[in-house]
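Residue numbers (my numbering): 6 to 67.
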């Protein structure tokens, strides 16, 4: 299995059913969910090192 691991709370589902993450600048980036378990999700569609926003995280991906 390959992909990036992010907190599951960072992954959103749009009204049209697409999955995405939001980068630190607030831009929505479409991703594909590979697998989720224990509060973490493996995704594809963003580059390694991309900082994503996590709800409730005061740092907002910093």
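Think of the CB as a built atom: it goes at the ideal place given N, C-alpha and C, for glycine as much as any other residue.
* In angstroms, rounded to a whole number, what distance separates the CA positions of residue 41 and residue 31? -> 23 Å
Checklist entry - Which one or two residues does DSSP pair with residue 28 in a beta bridge? => result According to DSSP, which records beta bridges pairwise, residue 28 is partnered with 57.
List the DSSP bridge partners of residue 49. In the DSSP assignment, residue 49 is bridged to 37.
query = Which word fits residue 33, buried or exposed, when buried means at least 16 other C-beta atoms lie within 10 angstroms of its C-beta?
reply = exposed
Check your understanding: DSSP puts residue 18 in a beta bridge; with which residues?
Key -> 24
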